Each structure stands twice: as C-alpha cells, then as structure tokens.
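Enquirer:
2 protein chains.
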Amino acid sequence: METVQRPMRADARRNYERLLTAAHAAFAEQGTEASLEEVARTAGVGIGTLYRHFPTRRALLEAVLHDSLAGLDTRARELLGSGSPGEALLEWTRHLMAHVTVYRGLAATLMSSFDDPASELYGACERVRVGGDALLASAQRAGAVRDDVTGADLTKLVNAVAWAGEHCDDDTAERLLTLVMDGLRAGNRRS
Amino acid sequence: METVQRPMRADARRNYERLLTAAHAAFAEQGTEASLEEVARTAGVGIGTLYRHFPTRRALLEAVLHDSLAGLDTRARELLGSGSPGEALLEWTRHLMAHVTVYRGLAATLMSSFDDPASELYGACERVRVGGDALLASAQRAGAVRDDVTGADLTKLVNAVAWAGEHCDDDTAERLLTLVMDGLRAGNRRS
DNA sequence: ACCTGAACACCGTTCAAGT
DNA sequence: ACCTGAACACCGTTCAAGT
C-alpha cells in the first residue's frame, strides 16, 4: 500500500525530522517504552506536535524503523541467489536477530503487531515474514529444513529468542538461537 | 532459604489474605501489570497496606504464585520415576507452559527474574530450573535429548515460547512448542 | 504493630487557543 | 496548516499522622 506523500510545510518537515532523530536516540537509550514527552522535549517541539505527526507510539516506531526493516527484505532477496539455501536462511536469521534487538522492547512490539492488521507495524512485519518465507521455502526445497515450518513460525521463533536475549547475556542468546535453528533442520520432525 | 514466619496480628493476616485474593483476580483479568491501587481497593485496604506487605509487585506475584510454582517442582520429581525419560520431559514441559501462562505478562516477569538474584521471584525460578535440570539430565542419559542443552536453556526456551503464545492463537503456541522440543532431540546437533 | 490516605512525581493523550 | 502547552486522567510510591 503506497502512501502518496503530500508536500509538507517547511517547519512541519523540520519538526518531523527532528522527532525521528530524537525518537531514535530515546529508543536506543531507554527502549521502546521511552517517554514520548521526553522525545518531544529533545526534539524541541510541543507534545501536541509529536501526536500530530505520530498518533501512536507504534506509528513513531514504524517511521523510525521503516528503512531498517525494508533492508531486511532486500537482504532476503540477495541471499536467495547465494550458495547453500540452508546457509542463506541461517545468515538471514542472524540479520533478523540484529534488527529486532536494536531497541530493548522492540521484539515485544513486533510480536504484538505480527497478527494485528490494525498495528502501524503490521506492514513491516508482513514484509519481514515474506522475506523469511522465500528463504525458508528455498531451504525446504533443498531438504535443509523440515517442511512443516512456516515463515510466520520462523519469524516468531526468532523474535521470541531475541526477546529472551534481552534478559540474558549475549552468549546465551546465541546458544538459544542455535538450538532453535538446529532444531528446524529436516529429519527432526516427530509429531 | 526457609523464612521463619512470625505470627501476624489478626487484622494484618486478614488483610494479607484479602490482598492475595484480590491480586490473583486482578492478575488473571488484566495481567501482571494490573493496577496495584485497584488491587488494594478490591481488597478493601489502603494502598500503604499493600506496600507494607508486598514492597514490590514481584513480591506480590511471588506470594500469589508460590504454591503453583512449587507444585511444578513436585511434578518434576514425580515424573522422574515414570516410564520414558523423553516423554517425561515433554509432559513436564507442557506443565511448565500451563503455569507460565496463567497470567498475561507472567512469562516476561519470570524471564527477567531468571538471572536476577535480587528478584523476589529468583528462588521460584531456581526451583523450576532445578526440576527441569533433573528431567533433562535423565532424558539426556537416555539419549533422547542433545547433550549440550542445560536446564536454563530449556526453561528459557519454554518461557520464550509461552511469551510468544500470548500474541498468537493457542494452535500456533502449540506448534512453536513442538518445533522447539522436537528440535532438542539428540542427533540434531550441528554446531 | 499496623493501617490510612494525602502528597508527590511522572506519564499519556486531548484539545482550545494561537500563529 | 500547523504548533503549543495547559488540562485531564491515571498510576506508582512514600510517609506523616493516626489507632
């Protein structure tokens, strides 16, 4: 769904940009639950202006993350052509982990947007899932991954591990990802 | 660490009990982030009384969940003697899922308590992990589960799946648990 | 020893008034 | 068309005053 961008008044555009910058800084520092009042303050803008541009916290997050999550889709398509499909999937999975852990709390926000078409992040989640779907299908055709896993399963599992990683040291997060991804290999199906 | 219970004044004890009941109701209805003021109101008690008995939200949660989580440990020991160690582990895992999903938000609270000795829920998490450890070791000796998984890994993974399940339908949660548990079987080790 | 609730601090969100 | 900030609602937490 392409949104047509009407031109913004110069001051509005400047405020919009400032809000994005301030939001990124706040999210990076305090996680996705950072105070929106502080974001507005840092941007040098009234709180009402923040709400005018971004009616919800998710809308703000979407704007801040848009390029990053779109890049994940691009990366999926690049990897699709490369060498071993199994390896490509693993590589993409690590990219996904990295993107989902840029802000503390992001995994939770994404997870709650995944099946909620009303969320401003739903579209972004969809694109991620589609990218994963393609790589997954390719790995399944190559017999590298059990064939009853879906892109949604994969994305949710990685998200869940990323979330768990917020409460562990990095080593543990890495271990958990390995356990899960090893476990998705073909031949592991029991039930 | 056994805490010696000094006898409470009759009114204090009554308030304590009322708070537990009200808290359970509130957590069940609104999740672990339920308003503590409302808990106090429902219990017919001043907010200060709630804080006197339970200095933190976690302390209140611990009191409400104590028996339930202790039961999980008991269940682990019962299952330890029963038939197939692999099946016993799976069975216990399902119990764990059920316990961790009684309140929305509980998985998150437990996860953040898991490696934090300062949390009032740390002890409860420890007991759960120990129960899992025993069943896991037994399943590993039987060659049913890959031998590089720890009880902490298992508990964290199940917790992560339970958390994911809060944002999915029950079928999906069940699927994810199956994928993870199948994946822990012996012979899946790659890296 | 225990309880109460006012007081303080903080935040999200809306909207009337301004430019 | 856009911005501002006061106003409202709500919550967590502490603590002086009471019994």
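Chains as they are written, first to last, in UniProt numbering: chain Z, 1 to 191; chain H, 1 to 191. All residues carry an ideal CB built from backbone N, CA and C; glycine is no exception. Keep in mind the model is a prediction, meaning the values are calculated, not measured.
#1: What's the gap between the Cα of residue 62 of chain Z and the Cα of residue 124 of chain Z?
#2: Quick one: residues in its chain with C-beta nearer than 7 Å to the C-beta of residue 99 of chain H, no 5 flanking neighbours on either side, listed in chain order?
#3: Residues of the stretch 85-117 of chain H with a CB closer than 7 Å to any CB of chain Z: list them in chain order, please.
#4: Is residue 8 of chain H buried or exposed, if buried means 16 or more other CB atoms sit within 10 Å of its CB?
#5: Would you verify that the beta carbon of residue 175 of chain H is, or is not, closer than 9 Å to some beta carbon of chain Z?
#6: With a Cβ-Cβ cutoff of 9 Å, do residue 21 of chain Z and residue 40 of chain Z count as a contact?
#7: Would you check if there are 3 or more beta carbon pairs closer than 8 Å linking the stretch 159-171 of chain Z to the stretch 98-116 of chain H?
#8: Would you call the stretch 28-38 of chain Z and the stretch 90-106 of chain Z touching, i.e. three or more CB-CB distances under 8 Å?
#9: Using alpha carbons as the reference points, say which of Z/48, Z/112 and Z/30 lies closest to residue 12 of chain Z.
#10: Based on DSSP bridge pairs, tell me the residues matched to residue 145 of chain H.
#11: Suppose the cutoff is 8 Å on Cβ atoms and the five residues either side in sequence are ignored; what does the same chain contact list for residue 160 of chain H look like?
#12: Going along chain Z, which residues have a C-beta under 9 Å from residue 153 of chain H?
#13: What do you reckon, are the CB atoms on residue 184 of chain Z and residue 127 of chain Z nearer than 9 Å?
#14: Taking only beta-carbon atoms, is residue 189 of chain H less than 9 Å away from chain Z?
#15: Alpha carbon to alpha carbon, how far is residue 30 of chain Z from residue 2 of chain Z? Give it in angstroms, no decimals.
#16: Less than 8 Å between C-beta atoms, sequence neighbours within five positions excluded: which residues of the same chain meet that for residue 87 of chain Z?
#17: Going along the chain, which unbroken runs of the beta strand (DSSP E) with 3 or more residues stay wholly within the stretch 89-128 of chain Z?
#18: Relative to the alpha-carbon of residue 144 of chain H, which residue among H/59, H/187 and H/134 has its alpha-carbon at the smallest distance?
#19: Count the other C-beta atoms from every protein chain shown that fall within 10 angstroms of the C-beta of residue 152 of chain H, then say buried if there are 16 or more, exposed otherwise.
#20: What residues from chain Z crowd round residue 135 of chain H, counting only those whose CB sits closer than 8 Å?
#21: Going by DSSP in three states, residue 169 of chain Z sits in which element: helix, strand or coil?
#22: Short of 6 Å in beta carbon distance, which residues of its chain neighbour residue 89 of chain H, apart from the five on each side in sequence? Order them along the chain.
#23: Taking the alpha-carbon positions, what's the residue 77 of chain Z to residue 51 of chain Z distance?
#24: Report yes if the CB atom of residue 85 of chain H is closer than 9 Å to the CB atom of residue 142 of chain H, and no otherwise.
#25: Going by the beta-carbon positions, is the gap between residue 25 of chain Z and residue 120 of chain Z smaller than 9 Å?
#26: Would residue 64 of chain H pass as a contact of residue 179 of chain Z if the rule is Cβ separation under 9 Å?
Expert: In this structure, then:
#1: Rounded to the nearest angstrom, the two C-alpha atoms are 8 Å apart.
#2: If we look at residue 99 of chain H and ignore the five residues flanking it on each side, its Cβ neighbours are 68, 69 and 72.
#3: Within the stretch 85-117 of chain H, the residues whose Cβ lies closer than 7 Å to some Cβ of chain Z are 111, 112, 114 and 115, listed in chain order.
#4: When all chains shown are included, residue 8 of chain H counts as exposed.
#5: Cβ-Cβ to chain Z under 9 Å: yes for residue 175 of chain H.
#6: Result no, Cβ atoms of residue 21 of chain Z and residue 40 of chain Z do not sit closer than 9 Å.
#7: Taking 8 Å as the limit for Cβ pairs, the verdict is that the stretch 98-116 of chain H does touch the stretch 159-171 of chain Z.
#8: At 8 Å Cβ cutoff, the stretches touch.
#9: If you compare the alpha carbons of Z/48, Z/112 and Z/30 with that of residue 12 of chain Z, the shortest gap goes to Z/48.
#10: Per DSSP, the beta-bridge partners of residue 145 of chain H are H/185.
#11: Answer for residue 160 of chain H: 107 and 111, listed in chain order.
#12: For residue 153 of chain H, the C-beta contacts it makes with chain Z under 9 Å involve 172, 175, 176 and 179, in order along the chain.
#13: Residue 184 of chain Z places its beta carbon 9 Å or farther from that of residue 127 of chain Z.
#14: Under the Cβ distance rule, residue 189 of chain H counts among the residues neighbouring chain Z, one pair being separated by less than 9 Å.
#15: Bear in mind that a pLDDT of 45 at residue 2 of chain Z, under 50, signals an unreliable position, so the model cannot answer this.
#16: The answer is none, since no qualifying residue turns up.
#17: For the stretch 89-128 of chain Z, not a single whole beta strand (DSSP E) run of length 3 or above is found.
#18: Answer by Cα proximity: H/187.
#19: Buried.
#20: Neighbourhood of residue 135 of chain H in chain Z, by CB distance below 8 Å: empty, with the nearest CB roughly 17 Å away.
#21: Coil, per DSSP.
#22: Cβ neighbours of residue 89 of chain H beyond the five flanking positions: 135 and 139.
#23: Distance between the alpha carbons of residue 77 of chain Z and residue 51 of chain Z: 35 Å.
#24: Result yes, Cβ atoms of residue 85 of chain H and residue 142 of chain H sit closer than 9 Å.
#25: With respect to residue 120 of chain Z, residue 25 of chain Z sits apart: the two C-beta atoms are not nearer than 9 Å.
#26: Their beta carbons are not under 9 Å apart, which means residue 64 of chain H does not touch residue 179 of chain Z by this criterion.
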